[in-house]
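Here is the structure we will look at.
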Amino acid sequence: MTTEANVEGAGRSVIVSLKNVRKSYEHEGKTLEVLRGIDLTIRSGEMVCLWGPSGAGKSTLLHLIGTLDMPTAGTVELDGNLVTALSSSRVAALRNRAIGFVFQFHHLLPEFTALENVMMPGMIQGSMPKGALRERAEALLEQVSLSHRASHRPSELSGGEQQRVALARALTLKPKLLLADEPTGNLDTENSAEIHKLFHKLNESHGTTMVLVTHNPELSRSLPRVIKMRDGHIESDETQPIER
Ligand SMILES: Nc1ncnc2c1ncn2[C@@H]1O[C@H](COP(=O)(O)OP(=O)(O)OP(=O)(O)O)[C@@H](O)[C@H]1O
Ligand SMILES: [Mg+2]
Numbered sequence: 066m067t068t069e070a071n072v073e074g075a076g077r078s079v080i081v082s083l084k085n086v087r088k089s090y091e092h093e094g095k096t097l098e099v100l101r102g103i104d105l106t107i108r109s110g111e112m113v114c115l116w117g118p119s120g121a122g123k124s125t126l127l128h129l130i131g132t133l134d135m136p137t138a139g140t141v142e143l144d145g146n147l148v149t150a151l152s153s154s155r156v157a158a159l160r161n162r163a164i165g166f167v168f169q170f171h172h173l174l175p176e177f178t179a180l181e182n183v184m185m186p187g188m189i190q191g192s193m194p195k196g197a198l199r200e201r202a203e204a205l206l207e208q209v210s211l212s213h214r215a216s217h218r219p220s221e222l223s224g225g226e227q228q229r230v231a232l233a234r235a236l237t238l239k240p241k242l243l244l245a246d247e248p249t250g251n252l253d254t255e256n257s258a259e260i261h262k263l264f265h266k267l268n269e270s271h272g273t274t275m276v277l278v279t280h281n282p283e284l285s286r287s288l289p290r291v292i293k294m295r296d297g298h299i300e301s302d303e304t305q306p307i308e309r
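Using this note's numbering, you'd call the opening residue of the sequence shown number 66 and step up by one each time.
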């Protein structure tokens, strides 16, 4: 029911638009079709859950939305840019500017403190003065309730705290779009619930559009739009009353 979901969001700008996207891999002389014609529109401020069995193509789709990979056929538009027609350096610049990523494992840099990890995307990009960057990182750490752990290295943080740092880090460059692949896949129930709340809080406070791949039923129930995938297709795309 793609149209219903779209009507609901009418009026808000389109952040992600995929048209007839296909992805296949050549494997041992055979063509393996992983995505078989995906049409998808996501509007500014939406929170979308990607749901479906293992191997359905969720991570592949998230990587295409995130410009980490290119489709075999079809078009990907991100924030008004036709990604599939851009050079790889322009795509990389767009990705850095517009997208934040959170993965199942946090990939924090072990030698740096929580604060430095949150500052890192800005240090690499280099467009923000260090003082402003530090202030922003401190504010983000406060939002994820970790001000008191700012000087800890990742090994001195709990799993849930590490993932909260990763979430703060994903927002350092104020991305329009946050993509998360099983962000609570590695956490216990309590820490997962904490991260779920944070997604909602950050969506409300920053207006960040979010696409979250999850197997977690509580998280999926808390998200207003659920896209179910199966065998490389979108099986259903529905809005739901939010349980929070
Ligand atoms: N580089 C690759 N080469 C060949 N096949 C691949 C490649 N990457 C993924 N696949 C296949 O594509 C299918 C979809 O993979 P994908 O990682 O998108 O699934 P998923 O829905 O994220 O599953 P899970 O819930 O287990 O993470 C799988 O069958 C996988 O084996
Ligand atoms: Mg996956």
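We put the beta carbon where it would ideally sit given N, CA and C, even for glycine.
Here the structure is a predicted model, which is why all the values come from computation and not from measurement.
If you check the CB distance, G139 and K84 come in under 8 Å. Taken through DSSP and simplified to helix, strand or coil, S152 comes out as coil. The three-state secondary structure of G225, taken from DSSP, is helix. About 18 Å separates the beta carbons of E247 and T273, which is beyond the 8 Å limit, so they are not a contact pair.
Note on geometry: alpha-carbon atoms of T254 and L242 lie some 26 Å from one another. It is roughly 15 Å from the alpha-carbon of V113 to the alpha-carbon of V167. DSSP places T304 inside the beta strand (DSSP E), whose first and last residues are 298-304.
DSSP places S82 in no alpha helix (DSSP H) but in the uninterrupted beta strand (DSSP E) bounded by 79-92.
Residues of the same chain with their beta carbon placed closer than 7 Å to that of P306 are lacking, with the five preceding and five following residues left out of the count. In the DSSP assignment, E142 falls within the unbroken beta strand (DSSP E) covering 138-143.
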